[in-house]
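Structure first, commentary second.
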Amino acid sequence: MFFVLFVFVYLFNNAPPIHFSLKPFPVFSSQHHHFFHHFLFESKVCSSTMVFYRSVSLLSKLRNRVVQQPSLTNSVRWLQIQTSSDLDLHSQLKELIPEQQERLKKIKSEYGKVELGKITVDMVLGGMRGMTGLLWETSLLDPDEGIRFRGLSIPECQKVLPAAKPGGEPLPEGLLWLLLTGKVPTKEQVDALSKELRSRATIPDHVYKTIDALPVTAHPMTQFTTGVMALQTQSEFSKAYEKGIHKSKYWEPTFEDSLSLIAQVPAVAAYVYRRMYKGGERIGVDESLDYGANFAHMLGFDGPEIQELMRLYVTIHSDHEGGNVSAHTGHLVSSALSDPYLSFAAALNGLAGPLHGLANQEVLLWIKSVVADCGENVTTDQLKDYIWKTLNSGKVVPGFGHGVLRKTDPRYMCQREFAMKHLPNDPLFQLVSKLYDVVPPILTELGKVKNPWPNVDAHSGVLLNYYGLTEARYYTVLFGVSRSIGICSQLVWDRALGLPLERPKSVTMEWLENKCKK
Ligand code: NMX
Ligand code: MLT
Numbered sequence: 006m007f008f009v010l011f012v013f014v015y016l017f018n019n020a021p022p023i024h025f026s027l028k029p030f031p032v033f034s035s036q037h038h039h040f041f042h043h044f045l046f047e048s049k050v051c052s053s054t055m056v057f058y059r060s061v062s063l064l065s066k067l068r069n070r071v072v073q074q075p076s077l078t079n080s081v082r083w084l085q086i087q088t089s090s091d092l093d094l095h096s097q098l099k100e101l102i103p104e105q106q107e108r109l110k111k112i113k114s115e116y117g118k119v120e121l122g123k124i125t126v127d128m129v130l131g132g133m134r135g136m137t138g139l140l141w142e143t144s145l146l147d148p149d150e151g152i153r154f155r156g157l158s159i160p161e162c163q164k165v166l167p168a169a170k171p172g173g174e175p176l177p178e179g180l181l182w183l184l185l186t187g188k189v190p191t192k193e194q195v196d197a198l199s200k201e202l203r204s205r206a207t208i209p210d211h212v213y214k215t216i217d218a219l220p221v222t223a224h225p226m227t228q229f230t231t232g233v234m235a236l237q238t239q240s241e242f243s244k245a246y247e248k249g250i251h252k253s254k255y256w257e258p259t260f261e262d263s264l265s266l267i268a269q270v271p272a273v274a275a276y277v278y279r280r281m282y283k284g285g286e287r288i289g290v291d292e293s294l295d296y297g298a299n300f301a302h303m304l305g306f307d308g309p310e311i312q313e314l315m316r317l318y319v320t321i322h323s324d325h326e327g328g329n330v331s332a333h334t335g336h337l338v339s340s341a342l343s344d345p346y347l348s349f350a351a352a353l354n355g356l357a358g359p360l361h362g363l364a365n366q367e368v369l370l371w372i373k374s375v376v377a378d379c380g381e382n383v384t385t386d387q388l389k390d391y392i393w394k395t396l397n398s399g400k401v402v403p404g405f406g407h408g409v410l411r412k413t414d415p416r417y418m419c420q421r422e423f424a425m426k427h428l429p430n431d432p433l434f435q436l437v438s439k440l441y442d443v444v445p446p447i448l449t450e451l452g453k454v455k456n457p458w459p460n461v462d463a464h465s466g467v468l469l470n471y472y473g474l475t476e477a478r479y480y481t482v483l484f485g486v487s488r489s490i491g492i493c494s495q496l497v498w499d500r501a502l503g504l505p506l507e508r509p510k511s512v513t514m515e516w517l518e519n520k521c522k523k
C-alpha cells in the first residue's frame, strides 16, 4: 500500500512536470530507470505522515483526470510516463527504433505466412480498393470512425495535445511529435520542437528565384512543388548516400531532411501566396510564434482566430494513413531511396489532383458558382436542381464521397464545430450546412456512390474564406504544407525499419482472361 502511495506522491508532486502518454508498444526505457532511482531516493527523505496526506489529495486528482478522459481508455495500450526533460526528438527516436525493428522482425518471423485476405479481379481493376498492402505506422483510418493518429481520434487529440492557450486547438508540432514517437508530448517538448522548426525555417535564395522563373499565373501547386524541388539541393540524405552511408543509419539524415522540410514548406508556400496575390512582398518568421500561427503570419494573417484555425487545419490534414494518393506516392518514391524532398514533391503532385487534395479548391469554386447562379439565399429546391445539373454534366459533387470512409469525415465535423463557435452566421457556412442535408440523399439516389457523406474538403474553404483567405486556387497548397508532417514522419520510420523497395506485380487483360478461364 505504501509503495503505491509513494508512487502517487512521486507522480504528482516530486517529479518534474510529468505527462501521461499513449504508446502502442511496451518499452522499459532509461526514463523508467531514472524514475525508480528518484523514487527510492525520495522515499528515504519523505516523512510517512506527509506521504499519507499528499497521497489522499493526489489520488483524488488522479481520479478526476481519469474521469475527464474516459474516451481515451480504449486507445490506451501502454501507459508511458514522459518527463519534460526529454526535449530532444532525435534521441527519443534513437531509443525507440531498435525496439520497433525487433517488433517488425518478430511479426515477419511469426506471422509472415498469415493470409490477410483475397485479391479479386475487381480489386485489381478497381484501384486496389480494400486491398491491404502497405505498412503505415503513423495513423490508421477506420471506415466508420475516421482517422486515428497513433491510436488517438481527432477529439482525443484536441483534448490531450498541448495547445497555444488552455482549451485551444492542438499545436501541429505536438502532432508531429506524436506521429514520430507514438507519445503525447508535454508543452515543454512542443515548445522545444517549435523552436527547432523556427531555427530551420530559412530557405535558400535560389528557391525564390526558381519559383520566380514560373509565370505568376502558374497554378499555386505547380509553384509550390517547384519550390519544394528547389529545396532538394540541401538534402542531407542524398549527400550521405553519395558518401556511402551504411543502411542502418539511413533514418538519421532522413530525419534531418524531414524536420528541415517540414520547417521550410510554410515559407515556400507563403511566398507562393504573397507572389501571386500580394505583390511579392515576403513576411519573415516571427520568433514568438508556433508553427501554425507563423504560417498564418507569413501568409499575412495575424488574428487570434485565424491562428487557431491554422493550428487546427494543419493538425487535421497532416496524415490519413498510407493508401491515399499523396501518402502512397511519397512512400513509393521514397522506397527507391529517393530523399524526402524528392519523395514529398512527388506526393504533392498527387495531392494536386481534383479527386484528392485539389477538391478543397473545387468545393469553394463550386459553392461560389451556386451563389452566382442562385444567390446567397438559395432554396432547397434550387440547390437540388444545381446538384443534379452538376451530376448530369458528368462531374462529381466535390467534397463528398471517399475511398475508405463510409460516414461523415470527423475532419469535416471538427471544422463544423469550429464554424459553429466562430462564424455561425456566415452565409457560406450556412450554405455548407444546407449541402450537408441536401447532397447525401441525392448521391444515395444515384445508386453507385459508396459514401454519400462529406469529406474534409467540403468544409475547409468556407472557414478560410471567412478570415479573408479567399483565393480558392491556393487552398491545396495549405493541405500540402500540412501533409508534410504525416508523410515525412512515416518516411523516417520507413528508413528506420528498413522497408524495402515497393514493387507490386501488374498484369495484362490477357493475363487476367487466361487466369480466370482456367
Ligand atoms: N459525386 C459524384 N459521383 C461520385 C461522387 C461524388 N461526390 N463520389 C463518388 N462518385 C461516383 C464515382 O465517380 C464512381 O462513379 P463511376 O462508377 O461512374 O466511375 C462511383 O460513384 C463509385 O465511386 P466510389 O466507389 O463511391 O468512390 P471512389 O472510391 O471510387 O472515389 C472519391 C472516392 C473521393 C474520389 C469520390 O467520392 C469523389 O470523386 N468525390 C468527389 C471529389 C472529392 O471530394 N475528393 C476529395 C477526397 C478527399 N481528399 O481530400 O482526398
Ligand atoms: C486524404 O486525406 O488523404 C483523403 O481523405 C483521401 C484518402 O484518404 O484517400
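6 is the number of the first residue of the sequence shown in my numbering; add one for each residue after it.
The beta-carbon is built from N, C-alpha and C at its ideal position, and this holds for glycine as well.
Check: For Ser398, the three-state DSSP class (helix, strand or coil); Outcome: coil
Check: Length of the line joining the Cα atoms of Lys523 and Asn354; Outcome: 40 Å
Check: Alpha-carbon to alpha-carbon, Ser494 and Tyr346; Outcome: 13 Å
Check: Member of Arg478, Val126 and Asp442 whose CA lies at the smallest distance from the CA of Ile392; Outcome: Asp442
Check: Any heavy atom of ligand 2 within less than 5 Å of residue CB: hits in chain order; Outcome: His325, Asn329 and Gly408
Check: Nonlocal neighbours in the same chain, by C-beta distance under 7 Å from Phe260, ignoring five residues either side; Outcome: His95, Leu98 and Val497
Check: Where Asp147 sits in the DSSP three-state scheme; Outcome: strand
Check: Residue range of the alpha helix (DSSP H) that includes Leu317; Outcome: Pro309 to His322
Check: DSSP state of Arg205 mapped onto helix, strand, coil; Outcome: coil
Check: Spatial distance of Asn382 from Leu440 (CA atoms); Outcome: 13 Å
Check: Reduced DSSP secondary structure (H/G/I, E/B, other) of Pro258; Outcome: helix
Check: Alpha helix (DSSP H) segment containing Leu469, residue limits; Outcome: Asp462 to Tyr471
Check: Pairwise C-alpha distance: Glu150 and Leu474; Outcome: 30 Å
Check: Per DSSP, the bridge partner or partners of Ile524; Outcome: The requested residue 524 is not part of the displayed model; the chain covers only 6 to 523.
Check: Nearest-angstrom Cα separation, counted from Glu100 out to Thr395; Outcome: 54 Å
Check: Limits of the alpha helix (DSSP H) - the one that Phe242 falls within; Outcome: Glu241 to Lys248
Check: Residues near Ala298 in its chain [Cβ-Cβ closer than 6 Å; skip 5 each side]; Outcome: Gln312
Check: For Pro167, three-class secondary structure by DSSP; Outcome: coil
Check: Counted within 10 angstroms of its Cβ, other Cβ atoms place Asp262 as buried (16 or more) or exposed; Outcome: buried
Check: Segment contact flag, the stretch 300 to 319 with the stretch 274 to 288, C-beta cutoff 8 Å, min 3 pairs; Outcome: yes
Check: Ordered list of alpha helix (DSSP H) runs contained in the stretch 359 to 432, each at least 4 residues; Outcome: 364 to 379, 385 to 397 and 415 to 427
Check: Continuous alpha helix (DSSP H) stretch holding Glu178: start and end; Outcome: Pro177 to Thr186
Check: Cα-Cα separation, Val270 to Glu515; Outcome: 45 Å
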